[in-house]
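Note sheet for the following structure.
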Amino acid sequence: MPPLAQYVFNGIVTGGILALPAVAFSLLWRLLRFPNFAVSTYLTVGAYAALVLNASAHAPLELAWLGALAATGAVALAVDRIAFRPMRDRRPFSLAIASIGVAFVLENIVRFAWGNDFRAYDVPVTRAASVAGLRIGRDQLLILGAAVVLMVLAQAFLLRTRLGIAMRATADNPLLAAVKGVPTDRVIAVATFGGGALAGGAGVFLGLDASIDPLMGGGLIISVFAAAILGGIGSAPGALAGAMIVGVVEEAGTLLVPPTYKSAIGFVIILAVLLVRPSGLAGSRS
Amino acid sequence: MIAYLTAILTLVGVRALLTLGLNVQWGLTGLVNLGVVAFFAVGAYTSALLAVGGVSLLLAWPAGVALAAAAGAALAVVALRLREDYLAIVTLGFAEVLRLFLLNEAWLTRGANGVTGIPRPLHAWFTGRYDLFYLILVLAAVGLAYAALERVRRSPFGRVLRAIREDEVVAAVAGKPVFRFKVQAFAIGAGVAGLAGVLFAHYLAYVEPNMFLPQESLYVWLALILGGSGNNRGALLGSLVFLGLLEGSRFAKDVIPFLTGVRLAAAQQILVGVVLVAMMIRRPEGLLPENPGSE
């Protein structure tokens, strides 16, 4: 049996992947004021977009990854235009339900086109290196590195750019931000595209780390929420920390409970946060 | 043909109960329950396991309803203390975890094999005509639930629920214990879903975890949104229209070539999702609008 450290390492890689949709979900929730259940399905969209480019069009996976970012961002933007924008002034829960419907449609479009089979990218098989008794794959390091870089970029965007600051202002107080001349529609469009792209990129990582199938993203829905709630809704660094913790606890938890209960661990984390520290790790206001 | 119609109508009845239950939660009170199927499953499994273990149906059936209502109350208490957004996630998570539980805890639930040999009430009395008897039983349950929920809707209690849905701050200012009303409404809805589960389990005489997939919850949502939420008549109509949609699209495979197996199922699900979102955008009041004026 591999040592605990192996589970922790695998969990950190999983956490890196989870962090991207968790940040997207968290920021979109704060900005648009409804939990968008379609975000985790954007992982599936991204994974299959890259599969088309990589396995069918024979593009290298790095290029396919960039294509997946753009494609998933575009899908997220289209979804927002078609489904969410006409409902902006409704009760937030109506939007949450519509987002479940959207997730369902996207997942089944993928299933219609590619079936239920598990698929994999066309990449050379690399051997995992053995460092101090740990098996560490080249892909795992690449995924972790890329995820951290993306998170840093997202945070820098939010803190340093005009548009990022406008985004945070709109999230805090949409009316005040609009009065002050913040272009709300543009802010929402950029956040939607960016959130979709982050989730789509994570989907390619997940497809590389595990496998590709229509349920891959939707099946992560509870873990993504657990990460976002643990981190505190609306906080990007919080979502990163939350994702790392959820990833590690889910992997290491399989030492105690059967692996089939992985998503149950995420659910227990959600309940624990709600009962013990509802504002999450980073949040203070709600 | 009669047998087919009887079977379909029995399932419509079960679905109508689920939709009526969700209508109390979402339609009247504005509470999101994305795990309708979980309360359905709690009712079905509780009653099935008790009955198979030799407990009288007179006890097993109420136990199924009561445990579903209790599960609903417990989840609502945990999630609603904070923000209502969390109720959506907690109910969704609960449904998924419950399904895993049903699959993996074979010592209690018999796992993937499911529970077989669930006794059917008064089976010896109605040999030959049993399905018709059961249909009448289900329709009677729907009728009773409808009448009871109509009373709830028109009662002072129901008016408070609708006030909470429209503006809970106003309801709170008017001195209503909003949290308690919400938990009660959620528990009632979960109990009605539990009743649907009980009737379902003893109709099929067999339950297994894959009958309780997440999409079942979405189907109930579609039925409610189609018919018109806030409105018990709408919930009934929606269940009927929904079944027509699902059964009708099954015949699509005779018309459209290449549409078989996985693709047919996927196309059906796409249709369900598209109709749900389209209805929410275009006609959120449903086929039968609530019309609060008709008290």
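Going line by line, the protein sequences match chains A and B.
For the first sequence, counting from 1, position 283 maps to 283 in my numbering; every step adds exactly one.
So the number in my numbering is just where the residue sits in the second sequence, counting from 1, plus 286.
Ideal Cβ positions, reconstructed from N, Cα and C, are used throughout, including at glycine.
Bear in mind that the values here come from a model prediction, so they are computed numbers and not experimental data.
CB contact flag (residue i, residue j, <8 Å)
i, j, result
"Val322(B)", "Leu303(B)", "no"
"Gly194(A)", "Tyr42(A)", "no"
"Leu220(A)", "Ala154(A)", "no"
"Val464(B)", "Ile450(B)", "yes"
"Glu502(B)", "Gly400(B)", "no"
"Phe37(A)", "Ile100(A)", "yes"
"Gly203(A)", "Ser26(A)", "no"
"Gly238(A)", "Gly280(A)", "yes"
"Asn116(A)", "Ile556(B)", "no"
"Leu230(A)", "Val364(B)", "no"
"Ala487(B)", "Ser333(B)", "yes"
"Arg111(A)", "Val310(B)", "no"
"Gly73(A)", "Gly164(A)", "no"
"Leu295(B)", "Leu421(B)", "yes"
"Gly444(B)", "Leu314(B)", "yes"
Coarse secondary structure for residue i, derived from DSSP in three states
i, result
"Ala129(A)", "strand"
"Tyr489(B)", "helix"
"Arg119(A)", "strand"
"Ile265(A)", "helix"
"Leu134(A)", "strand"
"Ile233(A)", "coil"
"Thr413(B)", "coil"
"Arg285(A)", "Unreliable placement is indicated for Arg285(A), whose pLDDT of 45 sits below 50; the coordinate value is still reported in the next sentence. If DSSP states are grouped into helix, strand and coil, Arg285(A) belongs with coil."
"Ile404(B)", "coil"
"Ile307(A)", "There is simply no residue 307(A) to check, as chain A begins at 1 and stops at 286 in what is shown."
"Glu533(B)", "helix"
"Asn108(A)", "helix"
"Glu581(B)", "With a pLDDT of only 46 at Glu581(B), under the threshold of 50, the placement of this residue in the model should not be trusted, and no figure is reported."
"Val341(B)", "coil"
"Leu255(A)", "coil"
"Met287(B)", "coil"
"Leu317(B)", "coil"
"Glu502(B)", "helix"
"Asn309(B)", "helix"
Assigned exposure category for residue i - 16 Cβ within 10 Å defines buried
i, result
"Val541(B)", "exposed"
"Leu20(A)", "buried"
"Phe326(B)", "buried"
"Val179(A)", "exposed"
"Ser130(A)", "exposed"
"Ile404(B)", "buried"
"Tyr489(B)", "buried"
"Ala410(B)", "exposed"
"Ile375(B)", "buried"
Presumed contact (8 Å Cβ cut-off) between residue i and residue j, rounded CB distance
i, j, result
"Val469(B)", "Ala457(B)", "With a Cβ gap of about 14 Å, Val469(B) and Ala457(B) do not count as contacting."
"Ala479(B)", "Gly329(B)", "7 Å"
"Leu208(A)", "Ile136(A)", "About 15 Å; that fails the 8 Å criterion."
"Gly559(B)", "Phe93(A)", "About 17 Å; that fails the 8 Å criterion."
"Leu51(A)", "Ile212(A)", "6 Å"
"Leu53(A)", "Leu63(A)", "7 Å"
"Ala293(B)", "Asp417(B)", "7 Å"
"Gly516(B)", "Glu576(B)", "4 Å"
"Leu345(B)", "Ala471(B)", "In fact, because the Cβ distance is near 26 Å, the residues do not count as touching under 8 Å."
"Thr44(A)", "Pro214(A)", "6 Å"
"Ile17(A)", "Leu206(A)", "5 Å"
"Ala427(B)", "Leu485(B)", "6 Å"
"Arg301(B)", "Ser525(B)", "4 Å"
Residues near residue i in its chain [Cβ-Cβ closer than 7 Å; skip 5 each side]
i, result
"Leu523(B)", "Gly513, Leu573 and Leu574"
"Met292(A)", "A question about residue 292(A) goes unanswered here, because the residues of chain A that appear run from 1 up to 286."
"Ala241(A)", "Gly231 and Leu281"
"Ile269(A)", "Ala226, Leu230, Val246 and Val249"
"Ala357(B)", "Phe325, Val328 and Ala476"
Nonlocal neighbours in the same chain, by C-beta distance under 6 Å from residue i, ignoring five residues either side
i, result
"Arg138(A)", "Thr126"
"Ala324(B)", "Phe380, Ala381 and Leu384"
"Gly520(B)", "Gly513, Gly514, Gly572 and Leu574"
"Ala359(B)", "Val469 and Ala473"
"Thr192(A)", "Ala76, Leu77 and Asp80"
"Ile222(A)", "Ser263, Gly266 and Phe267"
"Leu583(B)", "Given that chain B is displayed from residue 287 to residue 581, the structure contains no residue 583(B) and the question cannot be resolved."
"Val102(A)", "Ala38, Val79 and Ala83"
"Gln140(A)", "Val13"
Contacting residues, own chain, Cβ-Cβ under 8 Å from residue i (five flanking each side not counted)
i, result
"Val527(B)", "Ala509, Leu512, Gly513 and Leu573"
"Leu394(B)", "Leu335"
"Asn390(B)", "Gly397"
"Ala236(A)", "Val23, Ser26, Leu27, Met151, Ala154, Gln155 and Leu158"
"Lys281(B)", "Because chain B here runs from 287 to 581, residue 281(B) falls outside it and cannot be looked at."
"Arg406(B)", "Tyr416, Tyr420, His488, Tyr489 and Ala491"
"Glu251(A)", "Tyr7, Val8, Asn10, Gly11 and Thr14"
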